[in-house]
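Q: Can you read through this structure? Questions will come right after.
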Amino acid sequence: MAKQTQQARNMKRLKDEQQVRQRAGVIFGTNDEHGAFHTFEEVFANSIDEAREGYGKYIKVVVRKPTEDEIKIGADPTVYVIEVHDNGRGLPMDWNADEEMYNWELALCTLYASGKYDSDQYSQSLGLNGLGLTSTQYASSFMNVWATYEGRTRYMHFRKGKPVGEMKVLNPVRESSGTSIVFQPDPEVFPALKKVNFDASMFINNLNNQAMLHAGLEIEFDHVELTEPKVFCYKNGLPEFVDAVIGDNKMLPKAVEFFDDETGVDDTTPDLEPYKVDMRIAFNFARECSAVRVYHNGSYLFEGGKTVDGFELGITKAFTDYARNTGKLNRADKFSYKDIELMLVCVASTDAPGNRTWFKNQTKGAILNPFIGKAFMQFVYNKTRYWLENSKGAGEKIVAEAIVNKKAREEGEEVSKKVLRNLTKTVKFNSKPKGFRDCSSNLKSEREIYIVEGRSALTSVKLACNPKFQAVIPVRGKIINCLKEKITRVLNNDIIIDLYRVLGCGLEVKSKHLEDLPEFDINKLNWGKVIICTDADVDGMHIRCLLITMFYILSPSLLKAGKVFIAETPLYEMTYKKETRFAYTEAERDMYMEEFRGMGAKDNQIKIQRSKGLGENSAEMMSLSTMNPATRRLIPVDYPETDEDVMMYFNALLGSDLETRRILIEEYFDLTETDLD
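Residue 389 is where the sequence shown starts when you use the working numbering, and the numbers rise one by one after that.
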């Protein structure tokens, strides 16, 4: 190997726009469509900062296809263009004597240049690092910027991160001051944009939340996929938003809102100047929904951090102390945050000088200021405790609901531990479920598991099945009605857990009180077919319904994947001389009677054996009628087109919908008349 020279090993550095274009993930989190969307958030944040400071009450966002002129200058024809317009003070663009360069160069072409490094211009800014706008310009196919202030409009054009031409000063193109930025995130920087465009839903939640955080701010949104623009505006801010989320299911007549502020520092250094943090909270409660969102300077803290920790600790401690003092909890007991979160709809927010905020990173998903976290925890505790004690009975009602959640959570935790412990047990040797007999094949696609009712049926099926690819497990009578029982009781049922141990595919349970259950995975299913095998009488039909309902509640994807079947068992065994027929319905019995008569048989020569249950059948009969793939009848359990249809049938069969049940019985009465008798 040739020896490298020292010159060949010299370092290299990325310059100007290449710092972002080749390393977009560092600034925007990723270089996929989500990173590309973050470019919009950076531009939009500047308009929000203007509104936050009291400059402008209107922002317009447009997402559209590029024009022919934009395509001619290098825009990708398949990627949407984004426009952000505000009526703030206007982005500074003119000459900056202190820095000896134009302000547009600082704002749009210089990393770590910002007007937000102190609190003189922006007391509570979301933008801070001086990276966002420049990085967005660097990562764009093109960008056009118009800034209007002092009676004139300044304009700059950029392509692929570089300015094109000089700044133009125009006659005012608008009556008021403000900034308009039009750009296209470059698919060379964000390759995913070649396949995935900006869906309207990506913007709507963000815009709605910002309107909620800034009372009276009007945000208009127009997207190429929308039939008409949307307008987001909450004149009353947070409480109006909270109540809108809950709708008609509010536990309180209207949301409660509190404000406060605190001054302090994050360090004990004597000469560090204190700063002020403003704090807000608005909450209501609901049994059917929950949502908690914590913001700082308008940024949703999706990664947690000090304020989120402080919020959770403060509200939990307030509920616990109140419940202890009123005798609802004993002194040794306490709430978990989850007990309150399950019924809580809340928006909480802190605002502080941007230059004193310790955002975790450029995506601004968490803040790490110890002072803000501690102040916010105390604020949430004091205001929540005050409300609980002065709410004229409403607090007692909410705490009682929290106690219900607490008991359900504790029960769910015990059940979750039991389910996790049992479902992870092997089904081999001494730990296999009672009555289960496995097959010898290791090929999942050919393996079949027969679920049978009772011990007598188990014996018959075991004798008749092919031990190479057919296994059997009994349910030992009727399982519980999973539609009507609490999910914790369902999962506490040994028969059901034994079944799912054998299936091996995990659970699809969606419950706010159950966690860490083995996650459903169709690829882990141990069987090509799951076959329900019951008697052809009313009890057998009922057990079928109970088992199918169990699959619907605990693993609906098994039904959707077509893995569940019903083994149709005969009502009659009919014999004439050496000819045997199995009749599965009354109509088939009559048909075979005519067939035998056609052979010359008299009615008294035809032996008709009414099935008394699977346990009474011979192994030979069971093999021919129920087990042998060549002669058996399997009915696939089809999943209706919509979940609403599924629930209608289950509620009729096993729920409380008596009218639909009556209709079904009348419609199919002729098929079940004998069984009903």
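Note that beta-carbon positions come from the ideal geometry of N, C-alpha and C, so glycine has one too.
Quick caveat, the model's predicted, so the values are computed rather than measured.
If you check the beta carbons only, do residue 738 and residue 683 fall under 9 angstroms apart?
A: Their beta carbons are under 9 angstroms apart, which means residue 738 touches residue 683 by this criterion.
Q: Is residue 519 closer than 9 angstroms to residue 436 when the C-beta atoms are compared?
A: No, the pair does not count as a contact, with Cβ atoms beyond the cut-off.
Q: Can you name the start and end residues of the beta strand (DSSP E) that residue 970 belongs to?
A: First-last of the beta strand (DSSP E) with residue 970: 967-971.
Q: List the DSSP bridge partners of residue 895.
A: BP columns for residue 895 point to 907.
Q: Rounded to whole angstroms, what's the CA-CA distance from residue 821 to residue 720? Just pull it up for me.
A: Approximately 40 angstroms between the Cα atoms of the pair.
Q: Strictly by DSSP, which residues pair up with residue 836?
A: In DSSP, residue 836 forms a bridge with 858 and 917.
Q: On a Cα-Cα basis, can you pick out the residue from 923, 919, 675 and 458 that is closest to residue 953?
A: Of 923, 919, 675 and 458, the residue nearest in Cα terms is 919.
Q: How about residue 840 and residue 714: are their beta carbons less than 9 angstroms apart?
A: Not closer than 9 angstroms, so no.
Q: May I have a chain-ordered list of the beta strand (DSSP E) segments no shorter than 3 residues that lie completely inside the region 637-672?
A: The region 637-672 contains these whole beta strand (DSSP E) runs: 644-652.
Q: Identify the continuous alpha helix (DSSP H) that holds residue 879 and give its terminal residues.
A: Unbroken alpha helix (DSSP H) run through residue 879: 875-879.
Q: If I follow the unbroken beta strand (DSSP E) through residue 941, where does it start and stop?
A: Unbroken run through residue 941 is the alpha helix (DSSP H), 926-942; no beta strand (DSSP E).
Q: Over what stretch of residues does the alpha helix (DSSP H) that includes residue 978 continue unbroken?
A: Looking at the DSSP string, the run of the alpha helix (DSSP H) that includes residue 978 is 974-986.
Q: Tell me whether the region 543-561 and the region 487-497 touch, counting them as touching only if at least three CB pairs, one residue from each stretch, are closer than 8 angstroms.
A: A contact exists between the region 543-561 and the region 487-497.
Q: Could you tell me which uninterrupted alpha helix (DSSP H) segments, each at least 4 residues in length, are contained entirely in the region 567-620, listed from first to last along the chain?
A: Here the runs fully enclosed are 588-601.
Q: Taking all protein chains shown into account, decide if residue 888 is buried (16 or more other Cβ within 10 angstroms of its Cβ) or exposed.
A: Residue 888 is buried by the Cβ-count criterion.
Q: Nearest to residue 885 by alpha carbon, out of 862, 872 and 901?
A: Nearest of 862, 872 and 901 to residue 885, Cα basis: 862.
Q: CB-CB under 7 angstroms to residue 939, same chain, minus the five flanking residues each way: which ones, in chain order?
A: Here the set comprises 946, 947 and 952.
Q: Just mark residue 768 as buried or exposed, buried being the case when its beta carbon has 16 or more other beta carbons within 10 Å.
A: Residue 768 should be labelled buried.
Q: On a CA-only basis, which of 806, 637, 540 and 926 is nearest residue 557? Give me that one, please.
A: Here the closest residue by C-alpha is 540.
Q: Check the C-beta distance from residue 835 over to residue 757 and give it rounded, since I have them as a contact under 8 angstroms.
A: 58 angstroms between Cβ atoms; not a contact.
Q: Are the beta-carbon atoms belonging to residue 597 and residue 681 less than 9 angstroms from one another?
A: In this structure, residue 681 lies closer than 9 angstroms to residue 597 by Cβ.
Q: Are the beta-carbon atoms of residue 792 and residue 880 separated by less than 9 angstroms?
A: Not a contact, by the Cβ cut-off of 9 angstroms.
Q: Among 409, 724, 890 and 805, which one has its Cα closest to the Cα of residue 905?
A: Answer by Cα proximity: 805.
Q: Put residue 755 into one of helix, strand or coil per three-state DSSP.
A: DSSP places residue 755 in strand when its eight states are reduced to three.
Q: Taking only runs that begin and end inside the region 682-768, name each unbroken alpha helix (DSSP H) of 4 or more residues, in chain order.
A: Runs found: 694-713 and 725-729.
Q: Hey, how far is the Cα of residue 831 from the Cα of residue 456?
A: So the two alpha carbons sit approximately 59 angstroms from each other.
Q: Taking the alpha-carbon of residue 575 as reference, which of 620, 464 and 912 has the nearest alpha-carbon?
A: Answer by Cα proximity: 464.
Q: How many Å lie between residue 956 and residue 829 at the Cα?
A: Rounded to whole angstroms, residue 956 to residue 829 spans 24 angstroms at the Cα level.
Q: Cutting at 7 angstroms between CB atoms, please list the residues of its own chain near residue 640, excluding the five before and the five after it.
A: If we look at residue 640 and ignore the five residues flanking it on each side, its Cβ neighbours are 672, 673 and 782.
Q: When the distance is taken between beta carbons, is residue 971 closer than 9 angstroms to residue 958?
A: Yes, they are a contact pair.
Q: Tell me the rounded alpha-carbon separation between residue 472 and residue 630.
A: Using only the alpha carbons, I get a separation of about 27 angstroms.
Q: Grouping DSSP H, G and I as helix and E and B as strand, with all else coil, what is residue 1024?
A: Residue 1024 falls in the strand class under three-state DSSP.
Q: List the DSSP bridge partners of residue 997.
A: Its beta-bridge partners are 961.
Q: How about residue 599 and residue 690: are their beta carbons less than 9 angstroms apart?
A: No, Cβ-Cβ distance for residue 599 and residue 690 is not below 9 angstroms.
Q: Count the other C-beta atoms from every protein chain shown that fall within 10 angstroms of the C-beta of residue 617, then say buried if there are 16 or more, exposed otherwise.
A: Classification of residue 617: exposed, given that the 10 Å Cβ count is below 16.
Q: Can you list, in chain order, the residues of its chain with a C-beta nearer than 7 angstroms to that of residue 445? Leave out the 5 residues immediately preceding and following it.
A: Counting only Cβ-Cβ distances below 7 angstroms, and skipping sequence neighbours, we find 439, 604, 605 and 606.
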